[in-house]
Amino acid sequence: MTTAPLGLTKAPAPGLANPVHDAQCIFKAAMNALARPGTLQTLHVTNLTAPHPLPRTMAALALALLDYDTPVYLDTPLAKSRDVVDYLRFHTGAPVVDMQADAAFALISTPEKMPPLSGFNVGTDEYPDRSTTLIMAAETLTNEAGPLLSGPGIKTTTQLNAAPLAPGFWHQMSANQTLYPLGVDVLFASVDQIAGLPRSTTISLKEA
Amino acid sequence: MYVAVKGGEKAIRNAHKLMERDRRGDRTVPELELKQIAEQLYLSVSRVMSEGSLYDLELAALAIKQARGDLIEAIFLLRAYRTTLPRFGYSEPIDTAAMLVRRRISATYKDLPGGQLLGPTYDYTHRLLDFKLAADGELPEPEKGAYDPDADIPRVTDLLNAEGMMEPDPETPQDAEIGDLTREPLAFPADRDVRLQNLARGDEGFLLALGYSTQRGFGGSHPFAGEIRHGEVEVEFFVEELGFAVPLGTMTVTECQMINQFKGSTVAPPQFTRGYGLAPGQSERKVMSMALVDRALRCRELGEEATAPAQDEEFVLSHSDNVQATGFVEHLKLPHYVDFQAELELVRRMNKDWHSKEANTAQAEEAAQ
Amino acid sequence: MTGQDTDMFSEHYNFAYLDEQTKRMIRRAILKAIAVPGYQVPFASREMPMPYGWGTGGVQVTAAVIGSDDVLKMIDQGSDDTTNAVALRGFFIKTTGVKATTKTSQATIIQTRHRIPEEPLTENQTLVYQVPIPEPLRKLEPRETETRKMHALEEYGLMHVKLYEDIAKYGEIATTYAYPVLVNDRYVMDPSPIPKFDNPKMHEMAALQLFGAGREKRIYAVPPYTKVESLDFQDYPFEIQRFEEPCALCGAENVYLDEVILDDKGGRMYVCSDSDYCEERREQGHLGHMAANPIAEPENSGPRA
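Residue numbers (full-length UniProt numbering), protein chains in the order written: chain Y, 1 to 208; chain S, 1 to 369; chain V, 1 to 305.
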């Protein structure tokens, strides 16, 4: 049940055209992305109009996964946009939080300027699931070049390259893996694809 | 395929048809109406609403009818329906001090403000089968007295509290989040809000036995029935858009406040402590048992050593739900032949080994002689 | 099931029964479960219209995952025709209108109780297990507060002691089903009450494996191509059950068999527990030594979904 918050200046852009079946398709792509790290899962959400600067595919993931039980952290460009905040609040009801550590989800629209990964919640020894899942925008997402990935969900090894990224991102992600089973999980979203990078994936920085 | 394990949709359908026929019973006997159940089996309806976690007399009556009077089955039906309902929000806390009281008794004071009001009760009846009922006898109308709607009936615990003899009601911050078991899985240790919700949904028989065990010395807590009250309370809902609470209607509840002697510990002074029970409808046995178990479960907070089953939070809360319990006990009816085959093979082999070992030992003994 | 029934239902209930908020909550739990293989994620399991202990966990997982273009296979004890499998398959046909199949190879989602199909699963499939007791340490330590600590500290000594005591007492590990496994070198996990015969199939399986325990409110997962080892000792390696004879109907060897008692004089036959596998083999012309036995031929094999 979502009601329009008081003081909404204009009606937010519409959400998923078919909330039940679209949400299932989006979730399935996210599930496959995390179950098979590095693979590119196609996700067509051309009928979704998300307010600038929230990329459409990220918006789709947010609408499918967030609700009032999931505090969400927005990176600066998103947090500054009244349209984005209203849109997310209207369609998901998720409380927007300022502290990275309080977030169940984080939406990162400009990964090259994102705050350090270590600020997000990595869960606890007894409840490693109480961690942040990051949804990060990617202009390009390919399996060519990029660090070598191995671990659960990967038959042998694979490569994943997302751009743009903060300079230290892969080192931070590699440090995140050493915390396993604690750690954050990442979903990259390009214009029509998503890829997953769960905490269980081992990252070899020596490019193959 | 071998026939024995074939269920088949047809067999299932037929079994359900047969059940439906048996439910109806002899068709020359008039069919039960929901109103009859709601009016004449009100205590059953109360229990189903309480453990089914849904305040709706008609739906509870329907569940009882559909379940042929099996209350646990009825509770299950109501719960399964409840999960599909949209959730608009949480009501404001009900105020039982403002209750329109039908019954109010205290075992701790002979007389008290608001008085003792026996109301509808089986207490003090002679438990003799009433054959007039079997013969469809006419009921005499009870006498009506004057009723003062403004009469103040303060809660006994508030009276004791004024003297400083009762632990105060816990202060809850305005924006405190109240746990909800139907939305978050139970985690231990559980706070009192979640424990009370669990007990309110818990099986009456299970709580009765646990409450009884505390009286017999398994976690003795010296209870007095401070007050039991039963009647109608108003339910209000705070509407954000309006900025104030609007009444949704009234509901009938039964409340029990147990008063327990407490000698004090390192964390609390000597005073009376309380156990609390609340349930929809009229359900005195339930709320009394609930209050006893609630008090027993407060051992951690009051610095008492937990030694008895009723004080064992994980044991009590994990096993109180009869919908869960009945499902798991009855799932033993499902086929288990894959696992049984695995066990059979193992036991056969171990049995053979044992016999051959025995035989060897016997041979060796014979040889030695 | 007629189309009309489905329409009637969809007026009153959402696709796949669960409301969208509940699905989101379960989906989030599934994503965490996949990210931490073998770890049991708590979730706010709902009351379902079937009893706890009868597959509510598996049903909730399937309901959260299934889409209108999925093809569902529902098995219990390896068979599509056991009563509860029939009832649960009917539930999903009614609430989703998806296609159901008995053919393992044609299914995109397979929900199971107590077995893994004999035919190897593929990358395009998801296997959903119904789990009664998700905690592998529960029989050794009944308290959740304690077992949670043991998992957190990776303290599995108690489990090894138990298995070793078995060996000391019986000369072997006397656990035949729900045999504990170590997932991704980190979490000891209950594989659900599948016979230990099926344990090796979990290792590096191409399909995604999801586990739902409704009454106990836990979801866990094994992603594809993940290391799953059955616990054992160097001098007492893990072994699976072996059957002395092949399936009496299709002649299959190295499959899990059910023992069927034929009379009260000790007469018995062994047949495939995986009924679809057995039928496929017979269709391909494989015949076992009792394939012609009258009891083996269906008089009323029940309608197929």
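Just so you know, even glycine gets a beta-carbon here, dropped at the ideal spot from N, CA and C.
No experiment lies behind these values; they were computed from the predicted model shown.
Contact check for Phe76(S) and Pro51(V): beta-carbon distance about 7 Å, within the 8 Å limit, so the pair qualifies. Taking a contact as a CB-CB distance under 8 Å, the pair Ala137(Y) and Ile108(Y) counts as one, their CB atoms being some 6 Å apart. For the C-beta of Thr108(V), not a single chain Y residue is nearer than 7 Å; the gap to the nearest is close to 10 Å. For Tyr270(V), the enclosing beta strand (DSSP E) covers residues 268-272.
Within the segment 39-59 of chain V, those residues whose Cβ lies closer than 8 Å to any Cβ of chain S are, in chain order, Pro42, Phe43, Ala44, Ser45, Arg46, Glu47, Met48, Pro49, Pro51, Tyr52, Gly53, Trp54, Thr56. Within the segment 188-215 of chain V, the residues whose Cβ lies closer than 8 Å to any Cβ of chain S are, in chain order, Pro193, Ile194, Pro195, Lys196, Phe197, Arg215.
Three or more beta-carbon pairs drawn from the segment 28-48 of chain Y and the segment 188-198 of chain Y are found closer than 8 Å, and the two stretches are therefore classed as touching. Note: Ala137(Y) is bridge-paired with Ala189(Y) in the DSSP secondary-structure output. Judged by DSSP in its simplified three-state form, Glu301(S) adopts helix. Leu43(Y) sits in coil when the DSSP states are folded into three classes, being neither helix nor strand.
With a threshold of 16 other beta carbon atoms within 10 Å, Met99(Y) falls short and is exposed. Residue contact with chain V for Gly219(S): absent (no Cβ-Cβ distance below 8 Å to any residue of chain V). At a cut-off of 8 Å between C-beta atoms, Gly266(V) does not count as an interface residue with respect to chain Y. Ranking Val255(V), Asp264(V), Glu259(V), Lys265(V) by CA distance to the CA of Cys278(V) puts Val255(V) first. Inclusion of Arg115(V) and Gly78(V) in the CB contact set at 8 Å is warranted, their separation being smaller than that value. For the options Val101(S), Lys35(S), Ser44(S), Gln197(S), the alpha carbon positioned closest to that of Ser318(S) is the one of Gln197(S). Taking 4 residues as the shortest admissible run, the segment 26-80 of chain V contains the following complete alpha helix (DSSP H) segments, listed from N- to C-terminal end: 56-65. In the three-state DSSP reduction, Phe233(V) falls in the strand class (E or B). Interface annotation, His44(Y): not in contact with chain V, CB-CB separation never under 8 Å.
For the set Leu344(S), Val323(S), Pro223(S), Pro185(S), the Cα lying nearest the Cα of Ala296(S) is the one of Pro223(S). Against chain V, the CB of Pro185(S) has a partner CB under 8 Å away; the residue lies at that interface. Counting along the chain, Gln36(S) sits inside the alpha helix (DSSP H) bounded by residues 34-40.
Within chain Y, not a single residue places a beta-carbon under 9 Å from that of Ser230(V); the smallest gap is close to 17 Å. Taking 9 Å as the Cβ-Cβ cut-off, the segment 102-127 of chain V approaches chain S at Arg113, His114, Arg115, given in chain order. Distance from the Cα of Pro111(Y) is smallest, within the candidate group Pro167(Y), Arg130(Y), Ala103(Y), for Pro167(Y). The beta-carbon of Gln241(V) is placed less than 8 Å from the nearest beta-carbon of chain S. Relative to the Cα of Val156(S), the nearest Cα in the group Ile94(S), Glu167(S), Leu32(S), Glu313(S) belongs to Glu167(S).
Using a 10 angstroms sphere on the CB of Phe188(S), the tally of other CB atoms stays under 16, which defines it as exposed. Gly243(S) has a beta carbon lying at 8 Å or more from every beta carbon in chain V. Under the DSSP assignment, Thr112(V) falls in the beta strand (DSSP E) whose first and last residues are 109-113. Note on geometry: alpha-carbon atoms of Asp125(Y) and Tyr180(Y) lie some 10 Å from one another. Listed along the chain, the chain V residues whose CB falls inside 7 Å of the CB of Phe27(Y) are Arg27. Neighbourhood of Ala174(V) in chain S, by CB distance below 7 Å: Leu346, in chain order.
Counting C-beta atoms within 10 angstroms of its own C-beta, Tyr212(S) has fewer than 16 neighbours from the protein chains shown and is therefore classed as exposed. When beta bridges are read from the DSSP output, Ser53(S) appears opposite no residue.
When only Cα atoms are considered, Leu18(V) and His21(Y) end up about 13 Å apart.
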